[in-house]
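Colleague: Counted from 1, the sequence shown has number 148 at position 149 by numbering that gives the first Met the number 0; the numbering is strictly sequential.
Ideal placement from N, C-alpha and C gives every residue a C-beta, glycine not left out.
I'd like to ask you about the structure that follows.
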Amino acid sequence: MNGAITLGTLDGANIEISDRVGPDNCVIFGLKADEVAALTSSGEYNPWDIYNADPRIKTLIDSLIDGTWSDGDDEAFRPIFDEIMYHNDEYFILKDFDAYVKAQEKISAIYLDKTRWARMCLYNISMSGFFSSDRTIKQYNDEIWHLKQCCTL
C-alpha cells in the first residue's frame, strides 16, 4: 500500500502482486518455480561452480567471511556463508545473482523516468486493496488454518 514497485523473484506474495498489478508495474527476475523444481530434482546445482566462475560472486561471498562487514570479525557472517556454500544455496541466491543485477539496472533506469516511476507507484497503490490484512487473514484461515471464529466485532 506504500506504492513500492516490487523487485523480486516470482514466488510467494510476488506472484499475487504481479498478477494484480501486471508485469509492466513490477520487476521480476530469476528462476521460475518450474525451473527451481527441475534444478532441485536434477541434483546438478552446485553453488561452488557459480562461485568459482564469477569473480563478482566470489568477492561478494568471500566478504561474508573476511571481516568486511563486521569490523574484522571473520566469523560474524559465517552462518550465511555456510548456508549458501555448504547447504547448497537452497534459495538459489547465486543462480539468480546475474538476473538480479540486470533487474536492478532496469529499475534504476525506470527511476530516472520520473513520470513512468510515478505512474507505476500509483498503479501499485491503486491495486493494493486486495492485499488488506482482513482479506488475507480470512483467506489464510479458509485455506490453511481452518480456525473457528471466537467473536465478532
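In this structure, does DSSP put Ile14 in helix, strand or coil?
Modeller: Looking at Ile14 - three-state DSSP - the assignment turns out to be helix.
Colleague: With DSSP collapsed to three states, give me the class of Leu146.
Modeller: Of the three classes helix, strand and coil, the one that applies to Leu146 here is coil, per DSSP.
Colleague: May I ask you to report which of helix, strand or coil DSSP gives Leu6?
Modeller: Reduced to three states, the DSSP call for Leu6 is strand.
Colleague: Using DSSP with H/G/I as helix, E/B as strand and the rest coil, what is Ile49?
Modeller: DSSP places Ile49 in helix when its eight states are reduced to three.
Colleague: Would you tell me roughly how many angstroms separate the C-alpha atoms of Ala117 and Tyr85, rounded to the nearest one?
Modeller: Those two C-alpha atoms are separated by around 42 Å.
Colleague: Are the beta-carbon atoms of Leu30 and Lys94 separated by less than 8 Å?
Modeller: Taking 8 Å as the Cβ cut-off, Leu30 and Lys94 qualify as a contacting pair.
Colleague: With H, G and I counted as helix, E and B as strand and the rest as coil, what does DSSP make of Ile64?
Modeller: It is coil, neither helix nor strand.
Colleague: Would you grab the beta carbon distance between Pro46 and Asp88 for me? Rounded to a whole angstrom, and I think it's under 8 Å.
Modeller: 4 Å between Cβ atoms; contact.
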